[in-house]
Every structure is written in structure tokens, then in C-alpha cells.
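Engineer: First, the structure itself, so that you have it in front of you.
Protein chains: 2
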Amino acid sequence: MILVGIVEDDNQIRSLLQQYLDRQPGFSCTLVYNSVESFRKALTPETQPDVLLMDIGLPGMSGIDGMKLIKQDYPDTDIIMLTVYNDADKIFQSLCSGATGYLLKNTPLEEIKEGIELLTRGGSPMSPQIARKVIDFFSTEKKAVTSPLSEKEKEIVVGLVDGLSYKLIGDRMNISLETVRFHIKNIYRKLHVHSKAEVISKSLKGEI
Amino acid sequence: MILVGIVEDDNQIRSLLQQYLDRQPGFSCTLVYNSVESFRKALTPETQPDVLLMDIGLPGMSGIDGMKLIKQDYPDTDIIMLTVYNDADKIFQSLCSGATGYLLKNTPLEEIKEGIELLTRGGSPMSPQIARKVIDFFSTEKKAVTSPLSEKEKEIVVGLVDGLSYKLIGDRMNISLETVRFHIKNIYRKLHVHSKAEVISKSLKGEI
DNA sequence: GGTTCAACCCCATAAACAGGGGGGGTGTCA
DNA sequence: TGACACCCCCCCTGTTTATGGGGTTGAACC
Chain A
1 MILVGIVEDD NQIRSLLQQY LDRQPGFSCT LVYNSVESFR KALTPETQPD VLLMDIGLPG
61 MSGIDGMKLI KQDYPDTDII MLTVYNDADK IFQSLCSGAT GYLLKNTPLE EIKEGIELLT
121 RGGSPMSPQI ARKVIDFFST EKKAVTSPLS EKEKEIVVGL VDGLSYKLIG DRMNISLETV
181 RFHIKNIYRK LHVHSKAEVI SKSLKGEI
Chain B
1001 MILVGIVEDD NQIRSLLQQY LDRQPGFSCT LVYNSVESFR KALTPETQPD VLLMDIGLPG
1061 MSGIDGMKLI KQDYPDTDII MLTVYNDADK IFQSLCSGAT GYLLKNTPLE EIKEGIELLT
1121 RGGSPMSPQI ARKVIDFFST EKKAVTSPLS EKEKEIVVGL VDGLSYKLIG DRMNISLETV
1181 RFHIKNIYRK LHVHSKAEVI SKSLKGEI
């Protein structure tokens, strides 16, 4: 039996969802509230749901902030965001705060049910356009910047990022300390920076 | 009509897939090869498929390396990885290199077909366990690290990350150079590091 | 009232760094 | 052939850093 909770302020959507889900075999949907505050007040280790459908736009505390608190107290409850928001900001905030799924409100009831089942089987339900945004995050993350640095220079940058001293970089690459310095001078010139710190920063931000 | 290509070295899987997909209404599956090399040789702007199913473990060039090349020449072709590998490494390498979907080889033919359709509608097909791994990436990324640093110390870390010298950090925080050094000593001790570079690195990697 | 602790300051020294000179050598490309 | 880009090494300068020591204050805890 999958225990499902709902936090949703729209009365119509909320009762529709509850009635539908509670009728499904293997489902029980009774923890249904219209705000994070009231949900948390009612929550106990005994009533803790397996899956929680969470709206984002709520009166009082937002669903994202609410989720953080709920996850702290009940980390075993998996949370699916169920919202109209499809902007990258809301999506990534949710995922970084611990959401395990993200469905848009136009998702048919049946697919929501399937999403919940998918979740309990170790999957992560996402609306198609959400999935695409998540995937796109990776390919744009490491964009193929045409680095002006030569191979040796890039290797030295890696050493800097690893927190090595010039001497240790030289040892690692089997070149002399002086050569390391020579390369670093060139790196600074090419990147228009004047310190190790800036190089590390640029490198980790993917600007190299 | 969706033009589908396949790069897969297992003869049985390859012909099974081709026969199934080519029979589906709205699908055409003719560009079928057993290696990246032979696929790329045959590829022309005219024959360019809409969707490419790509194996990873291939004789010769790997599917991931192959994808990078294909994406360079034909960025409009969406690529779905179709593979047995479900380790985080392969998944993220693929996504970072431009894959738009990732299905495991145990996916039923029908779901592969649905995945291709989903892709053309702007979605991103992923096997459930892949989706979960991708989602988990975010929640573990910015894990709530209980930073051992005090507020002042964190502020100094910010200064270091910004590439400021001790002196400038002192100016910014209205404390003396000596106090900055005092704090930095403590930061190093707490983080078990011995240089600015390591602090910046840790900070930017979210380990503080 | 004593203890603890973070935050503030000072001193001293060795090492590392930033930036400026020099030398070499290889290769490519016009 | 000369102009470039890359790679390797050395010297010199002054500055910044890392790391050890020594303190005072004031709020907070028991």
C-alpha cells in the first residue's frame, strides 16, 4: 500500500486528486492539506506518507521551502513537485532541495498515478519538457569553450585547481619549477588575470 | 516521418530494432551501422537522421566519442544512448557530450519507439533508474554541508574566492591584515588545507 | 566568578608567488 | 626564410603567503 500525501491550495484540484488516487488499488491518500504549515502540523512519524505531491505556489510558505523542512524531519518521504511552473529556476531549486520528481499540473491523473508508482520502483517521474530542461542543463554546463590555452597550459591549470604549488606541479609534470612559472605567466596573459585564485575560479566556472 | 539511425554492434539487437522501428507508421529506419566509423562515413546532410540510437560499447570509437563528432557536424540530430551501462560516469559523460536521451538496453521495443516520439515532441526519454540518478545528481550536489566555519571565516573565504589579497579582504571587512591572517590560519586548520588555492577549490566545488 | 570562545591585534620568518628580463629548442605555415 | 606558436630552462625583483608564536577584549555558559 502506497501512502500518498498532498499539499495543494486549489480546492478543486486537491479533492479531485485525492478522490482519484484514494480509489486506486494499492493507494491510500488521506494526508491532504492546503498549506505546508498545516501539513507539517499534522505530520507524525506514524502518518508519514511514502510519497508527497507538493505544489509550489502556496499561501504562506512556498512548496520549495516547505520541502526542505519536511525532508529534514522525514528524509524517507519522496516528494514530487506538482506545479504549473516550468522555469529552470523553480525546477533546479526544487531538485537541489531534494525533490525526487517534477510533474506539471496539466499531467493527466492516470500519469500522476503512474509517476507515483514509478517513484516507488526507484524511478523519477518528470514531465517530458522538464526532463528535457534537466538534460539540457548538462550539455550547456560544459560548453565547448574554445580554450586559448595549449595542452601543457591546461595541465598546469589542473594542477592549480588541485591546490598544488608550482614546485609540485613541476614534479608531477616532470618539468622544472622555472618552466612552470614560464607557463603560468603565459596563462595569466592569455586569460587576462593576475593570480592563481582567478585562474582556479575561471576554471571551475567552466570558462576555460 | 521520423528518420531514425542506429549505431549498434550486436547484429541481433541491431536488426531487431531496425525491423521493428521501420515497420512503425511514421517511422523510417534505414541508416543502420555497426560502428561510429562506418556510420560517419555514410552520413551526408541529405541522409541525416532526426534521431540516432547510439550504443556506447562499440568496436573502435566509443559511442560517447562518436557522438561528440556527430554532434559537431550535425547538431540537429538528437541522440539517444541505448546501452547496458547504468553507471553515473557513463551517464554524465553522455549527457555532457550532448545526448538528449538515455535508455537501457532492457527497454522494451515499444518503449523505445515511444521514447523516440517523446524526443521529437521536445521531451527527453530516460529509463527510470537513469532519471533517478540524474535527479540525485542535484540533491547531492549542493548537500547541506555542516560547515565548520564561523560567519567571519566564511566571509573571508568569499574574499579569497573573489581573488582578493589578505590586505584587500581586511579593507573590505574593516579589520586589520593581521586579523585576516589569524582567521585564515583557523580556516586552514578546520579544512585541513595549506593554501589559498585549496580553499578556493573546495569552496567552488561546494565542499564548504 | 571563573571558563570558554570567537574575534581582534602584533611579531617574525621561510616559502611561495607575480612579473620582468634573458637564453635555448621544435614545429607549421605562408 | 621569417613569423608564429609552443615548449624548455635560468636569473632577479619585490610582494604576498603560510605558519609559528605572543597577546586583549567581551559576550556567553555554567
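From first to last, the protein sequence lines are chains A and B. With this note's numbering applied, the first sequence covers 1 to 208. With this note's numbering applied, the second sequence covers 1001 to 1208. Each residue gets a CB set at the ideal place from its N, CA and C atoms; glycine is no exception. From a predicted model like this one, the values you see are computed outputs, not experimental measurements.
With distances taken from CA atoms, which of B/LYS1205, B/VAL1158 and B/LEU1204 is nearest B/HIS1183?
Structural biologist: Stepping through the second sequence from its first residue, residue 1183 of chain B is reached at position 183. Nearest of B/LYS1205, B/VAL1158 and B/LEU1204 to B/HIS1183, Cα basis: B/VAL1158.
Engineer: Going by the beta-carbon positions, is the gap between A/ASP73 and A/SER35 smaller than 8 Å?
Structural biologist: The sequence position of residue 73 of chain A within the first sequence is 73, counting from 1. The sequence position of residue 35 of chain A within the first sequence is 35, counting from 1. The Cβ atoms of A/ASP73 and A/SER35 lie no closer than 8 Å to each other.
Engineer: What does the Cβ neighbour count give for A/MET1, buried or exposed, with the cut at 16 atoms within 10 Å?
Structural biologist: As a working mapping, residue 1 of chain A is identified with position 1 in the first sequence. Classification of A/MET1: exposed, given that the 10 Å Cβ count is below 16.
Engineer: What does A/GLY98 reach in chain B if we use C-beta pairs closer than 7 Å?
Structural biologist: Locating residue 98 of chain A in the first sequence gives position 98, counting from the first residue. By Cβ distance, chain B contributes SER1139.
Engineer: What residue from A/GLN93, A/SER165, A/GLU117 and A/GLU151 has the CA that sits closest to B/PHE1137's CA?
Structural biologist: Walking along the second sequence from the start, residue 1137 of chain B turns up at place 137. Looking at the Cα atoms, A/GLN93 is the closest of the given residues.
Engineer: Given that a residue counts as buried once 16 or more other Cβ atoms are within 10 Å of its Cβ, and exposed if not, what is B/THR1044?
Structural biologist: On the second sequence, position 44 is the one that residue 1044 of chain B refers to. By the 10 Å Cβ count, B/THR1044 comes out exposed.
Engineer: For B/MET1103, tell me which candidate among B/ILE1175, B/ASP1065, B/LEU1118 and B/ILE1130 has the shortest Cα-Cα distance.
Structural biologist: On the second sequence, position 103 is the one that residue 1103 of chain B refers to. Position check: residue 1103 of chain B holds Leu in this sequence, whereas Met was assumed. Closest by alpha carbon: B/ILE1130.
Engineer: Rounding to the nearest angstrom, what Cα-Cα distance links B/PRO1075 and A/PRO59 in this structure?
Structural biologist: Along the second sequence, one-based indexing puts residue 1075 of chain B at 75. Along the first sequence, one-based indexing puts residue 59 of chain A at 59. Roughly 44 Å separates the two Cα atoms.
Engineer: In three-state DSSP terms, what is B/GLY1120?
Structural biologist: Start at 1 with the first residue of the second sequence, and residue 1120 of chain B comes out as number 120. Note that residue 1120 of chain B is Thr in the sequence shown here, rather than Gly. Of the three classes helix, strand and coil, the one that applies to B/THR1120 here is helix, per DSSP.
Engineer: So, does the CB of B/LEU1160 fall closer than 8 Å to a CB anywhere in chain A?
Structural biologist: Within the second sequence, residue 1160 of chain B is the residue found at index 160, counting from 1. Yes, B/LEU1160 lies at the interface with chain A (some Cβ there is under 8 Å from its Cβ).
Engineer: Are the Cβ atoms of A/ASP55 and A/LEU82 separated by less than 8 Å?
Structural biologist: One-based indexing of the first sequence puts residue 55 of chain A at position 55. One-based indexing of the first sequence puts residue 82 of chain A at position 82. Going by C-beta atoms, A/ASP55 is nearer than 8 Å to A/LEU82.
Engineer: Output needed in chain order: residues of the stretch 1052 to 1064 of chain B with a Cβ under 8 Å from some Cβ in chain A.
Structural biologist: Those residues of the stretch 1052 to 1064 of chain B that come within reach of chain A (Cβ to Cβ, closer than 8 Å) do not exist; the list is empty.
Engineer: Return helix, strand or coil for A/TYR166, following the three-state DSSP convention.
Structural biologist: Here the question's residue 166 of chain A lines up with position 166 in the first sequence. When DSSP states are grouped into helix, strand and coil, A/TYR166 belongs to the helix group.
Engineer: Cutting at 8 Å between CB atoms, please list the residues of its own chain near B/TYR1085, excluding the five before and the five after it.
Structural biologist: Taking the second sequence and counting its residues from 1, the one referred to as residue 1085 of chain B is at position 85. So the qualifying residues of the chain are ILE1056, GLY1057 and ILE1091.
Engineer: Rounded to the nearest angstrom, what separates B/LEU1160 and A/TYR166 at their Cα positions?
Structural biologist: By 1-based counting over the second sequence, the position of residue 1160 of chain B is 160. By 1-based counting over the first sequence, the position of residue 166 of chain A is 166. One C-alpha to the other measures close to 19 Å.
Engineer: Check for me: the beta strand (DSSP E) holding B/SER1028 runs from which residue to which?
Structural biologist: Residue mapping note: residue 1028 of chain B aligns to position 28 of the second sequence, counting from 1. Where B/SER1028 is concerned, the enclosing beta strand (DSSP E) stretches over 1027 to 1033.
Engineer: What number of angstroms, rounded off, separates the C-alpha of B/GLY1155 from the C-alpha of A/LEU204?
Structural biologist: Stepping through the second sequence from its first residue, residue 1155 of chain B is reached at position 155. Stepping through the first sequence from its first residue, residue 204 of chain A is reached at position 204. Checking the sequence, you will find Glu at residue 1155 of chain B rather than Gly. Near 20 Å, if we compare the C-alpha coordinates of A/LEU204 and B/GLU1155.
Engineer: Go through its chain and collect everything with a Cβ distance to A/LYS68's Cβ below 8 Å, but skip five positions before and after it.
Structural biologist: As a position in the first sequence, residue 68 of chain A is number 68, starting the count at 1. The residues are SER97 and GLY98.
Engineer: Against chain B, which members of the stretch 15 to 27 of chain A pass a CB distance test of less than 9 Å?
Structural biologist: For the stretch 15 to 27 of chain A, which is checked against every Cβ of chain B, not one residue is closer than 9 Å.
Engineer: Under 8 Å, Cβ to Cβ, is there at least one residue of chain B near A/GLU187?
Structural biologist: Position 187 of the first sequence, counting from 1, holds the residue named residue 187 of chain A. Note that residue 187 of chain A is Ile in the sequence shown here, rather than Glu. It does not; no Cβ of chain B falls within 8 Å.
Engineer: Can you tell me where the beta strand (DSSP E) with B/ILE1064 in it begins and where it stops?
Structural biologist: Residue 1064 of chain B sits at position 64 when you count from the first residue of the second sequence. That residue, B/ILE1064, is in no beta strand (DSSP E); its alpha helix (DSSP H) goes 1063 to 1073.
Engineer: Run down chain A in chain order and give the residues with a C-beta less than 8 Å from the C-beta of B/PRO1128.
Structural biologist: Looking up residue 1128 of chain B in the second sequence gives position 128. Within chain A, the residues near B/PRO1128 are LEU118, ARG121, GLY122, GLY123 and SER124.
Engineer: Counting only the same chain and skipping the five closest in sequence on each side, list residues whose C-beta sits under 7 Å from that of B/VAL1199.
Structural biologist: Here residue 1199 of chain B corresponds to residue number 199 of the second sequence, with the count starting at 1. Hits under 7 Å: VAL1157, LEU1160, ILE1187, LEU1191 and VAL1193.
Engineer: To the nearest angstrom, how far is the alpha carbon of B/ILE1070 from that of B/PRO1049?
Structural biologist: Residue numbering aside, residue 1070 of chain B sits at position 70 when the second sequence is read from its first letter. Residue numbering aside, residue 1049 of chain B sits at position 49 when the second sequence is read from its first letter. Looking at the two C-alpha atoms, the distance is approximately 11 Å.
Engineer: Could one say the Cβ of B/ARG1172 lies closer than 8 Å to chain A's Cβ atoms, at least one of them?
Structural biologist: Position 172 of the second sequence, counted from the start, is the residue given in the question as residue 1172 of chain B. Taking Cβ atoms only, chain A never reaches closer than 8 Å to B/ARG1172, which makes this a no.
Engineer: What separation, rounded to the nearest whole angstrom, lies between the Cα atoms of B/GLU1153 and A/ILE169?
Structural biologist: Residue 1153 of chain B sits at position 153 when you count from the first residue of the second sequence. Residue 169 of chain A sits at position 169 when you count from the first residue of the first sequence. Near 28 Å, if we compare the C-alpha coordinates of A/ILE169 and B/GLU1153.
Engineer: What residues from chain A crowd round B/PHE1182, counting only those whose CB sits closer than 8 Å?
Structural biologist: The residue labelled residue 1182 of chain B in the question sits at position 182 within the second sequence. In chain order: nothing, as chain A lies at least about 20 Å away.
Engineer: Three-state secondary structure (DSSP) at A/ILE79?
Structural biologist: As a first step, residue 79 of chain A is located in the first sequence; it is residue number 79 there, counting from the start. In the structure shown, A/ILE79 sits in a strand (DSSP, three-state: E or B).
Engineer: Using a Cβ cut-off of 8 Å (strictly closer), state whether B/PHE1092 contacts chain A.
Structural biologist: For the purposes of this step, residue 1092 of chain B is taken as residue 92 along the second sequence, with counting starting at 1. With 8 Å as the cut-off, B/PHE1092 counts as an interface residue toward chain A.
Engineer: Enumerate in chain order the residues of its own chain whose CB-to-CB distance from A/GLY26 is below 7 Å, with the five nearest sequence positions on each side excluded.
Structural biologist: The residue labelled residue 26 of chain A in the question sits at position 26 within the first sequence. Hits under 7 Å: MET1 and ILE2.
Engineer: To the nearest angstrom, report how far apart B/THR1047 and B/ASP1078 are at their CA atoms.
Structural biologist: Residue 1047 of chain B sits at position 47 when you count from the first residue of the second sequence. Residue 1078 of chain B sits at position 78 when you count from the first residue of the second sequence. When rounded, the distance between both Cα atoms is 14 Å.
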